[in-house]
Structure formats: C-alpha cells, structure tokens
Amino acid sequence: MRRSLLLSAALAGVLALGCGDDQHSATAPAADLSAPSLSVDRSTQNFAVAFATEQYLVVLGSTAEALAANCATGAENFDAWTVLTVTRPDGSRKVGFLGKQLHVLIWNRPADFCVESPDFQGTASQTFHDNDFDVNGHGAEASGTTTRGTVSDASGQQYHFVAVLNGTVSPISHSLEQHVEFIRLTPIGR
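Taking our numbering, the leading residue of the sequence shown gets 45, the next gets one more, and so forth.
Here is the structure:
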C-alpha cells in the first residue's frame with residue numbers, strides 16, 4: 045500500500061470530523077445527528093501473516109521461536125501492527141495495517157514452517173490496505189500490500205526483501221482473485 049492512500053483515508057476522516065456548525069449559514073437546516081457518520085479508529089493488534097509463491101513461503105510478524113510455539117500449542121506471541129479503520133456512513137470499512145520492524149521468516153518451497161527452520165530471517169515493514177474489509181460496500185473490493193526489509197541466510201549473506209500482493213473481489217460474482225505479484229530477494233553487495 046502506498047502511504048498516500050492510508051494518509052488520505054485518515055485525512056478524509058479528520059476533515060469530515062472537523063466540520064463544525066460554524067461553517068453553516070444561519071439559515072441552513074440543523075444537521076441530522078441520528079444519521080450515520082464517518083468514524084476513524086486507530087488501534088494496535090498483534091498477529092502474523094503468511095503468503096507464498098511457487099518459490100518462497102513467507103511468515104511476517106513472528107520469530108521462529110514464537111512460530112514453533114504456535115504450531116505446538118497454539119500460543120500467540122506475534123508482532124504489533126498499527127490498524128487504522130475508517131467506517132463509512134453505509135457501514136463499510138476501509139482498513140489499513142502498518143507493521144514496522146516486523147520479524148520475517150522465509151523458506152524455499154516446498155516447506156513446512158511448523159517443522160523446518162527458515163532459510164532466511166530478518167526484519168521488514170509492511171503496509172496493507174483494504175478498501176472494503178467486510179466486502180459489504182457498493183463497489184468492487186480491492187486490497188494490496190507491500191513488504192520491504194532485509195533478511196540473512198545461514199551463511200550471513202544479506203538480501204533486500206520485497207513482496208507485493210494484490211487482491212480483488214467482484215461485486216457481481218463475489219469471487220476472490222488474490223495475486224502475489226512477486227517476492228524478491230536480492231543479494232546485498234554482489
């Protein structure tokens with residue numbers, strides 16, 4: 045997700061919430077306070093996400109130890125994300141997730157992350173946006189994420205890590221089309 049999308053959603057909420065009665069003329073009808081309004085909520089949530097291509101399996105938001113504990117016992121000890129939720133007057137929600145300095149684990153596929161040690165470990169930041177989180181608005185649903193960071197393999201070689209994912213849901217067929225655009229590891233210093 046580009047930062048401008050998240051910031052524009054937040055700005056829209058601030059601008060909508062910042063409109064006071066002093067901006068209306070003396071003859072304007074009073075606002076209907078029972079009508080639904082736009083609301084903005086910022087929170088922190090802890091979770092991990094996984095995604096894959098034919099070449100790589102990625103878990104973002106967990107250390108190897110926390111993931112092993114989750115696989116063995118269901119214990120959840122995941123990284124924190126900032127969540128911005130804009131609820132529109134029609135009840136649909138636009139959501140943005142921002143994770144900074146998240147733990148990232150990457151396996152060459154095929155792999156079983158509950159059994160095998162990751163091939164790459166490091167940290168990354170991710171932005172995720174979803175224009176209709178509950179898929180109950182009037183238009184097509186679209187979401188996307190961009191992840192950037194640095195990981196190392198067992199030899200200590202460092203890599204730039206970039207992943208881009210996009211998804212859409214048709215308002216007519218309600219079918220999900222999720223696309224992992226790419227997961228790229230580029231050696232540093234070569």
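All C-beta atoms, glycine included, are put in the ideal place defined by N, C-alpha and C.
None of the values given here were measured: they were computed from a predicted structure.
Can you round the beta-carbon distance between residue i and residue j to whole angstroms, since I take them to be within the 8 Å contact cut?
i    : j    : result
N149 : A168 : A small fix is needed here, since residue 149 is Leu in this sequence, not Asn. With 8 Å as the limit, L149 and A168 do not qualify as a contact, their Cβ atoms being about 10 Å apart.
T212 : A184 : 6 Å
A124 : N152 : That pair is no contact at about 28 Å.
V103 : I227 : About 12 Å; that fails the 8 Å criterion.
Looking at residue i: is its Cβ nearer than 8 Å to the Cβ of residue j?
i    : j    : result
A108 : Q165 : yes
G188 : F205 : no
A96  : F122 : no
G143 : H173 : no
L111 : F177 : no
G135 : N180 : yes
L82  : T131 : yes
V195 : L209 : no
Can you find the residues in the same chain that come closer than 6 Å, C-beta to C-beta, to residue i, ignoring five residues on each side of it along the sequence?
i    : result
T191 : A168, Q170 and A207
T71  : Any reading at T71 needs caution, since the residue's pLDDT is 46, under 50, leaving its predicted position unreliable; the model's value is listed next. So no residue of the chain qualifies.
V127 : S87, Q89 and F141
Q222 : G211
A186 : N175 and T212
D85  : T129
T117 : none
Report yes if the C-beta of residue i is less than 7 Å from at least one heavy atom of the ligand ADP; otherwise report no.
i    : result
Q145 : Although the ligand ADP was asked about, the structure shown includes no ligands whatsoever.
What does a CB cutoff of less than 7 Å around residue i pick up in its chain, not counting 5 residues either side in sequence?
i    : result
G200 : none
L51  : At L51 the pLDDT is 29, less than 50, meaning the model places this residue with poor confidence; the figure from the coordinates comes in the next sentence. There are no such residues.
L59  : Any reading at L59 must be qualified, since the residue scores a pLDDT of 27, below 50, and its modelled position is unreliable; the value itself is stated next. Here the set comprises nothing.
A119 : A113
P73  : Residue placement at P73 cannot be trusted, given a pLDDT of 48 that sits under 50; what the coordinates show is reported in the next sentence. There are no such residues.
C115 : C158
A155 : L101
Near residue i, what residues of its chain come up, given a Cβ to Cβ distance below 8 Å and the 5 sequence neighbours on each side ignored?
i    : result
Q99  : N152, R153 and I227
D197 : D163, F164 and Y203
S219 : V213
E160 : W151
Tell me the start and end of each unbroken beta strand (DSSP E) in the region 141-195 that is at least 3 residues and wholly inside, in chain order. 164-174
Just list the beta strand (DSSP E) runs in the region 74-134, keeping only unbroken ones of 3 residues or longer that don't cross its boundaries, in chain order. 83-90, 93-96, 100-104 and 124-131
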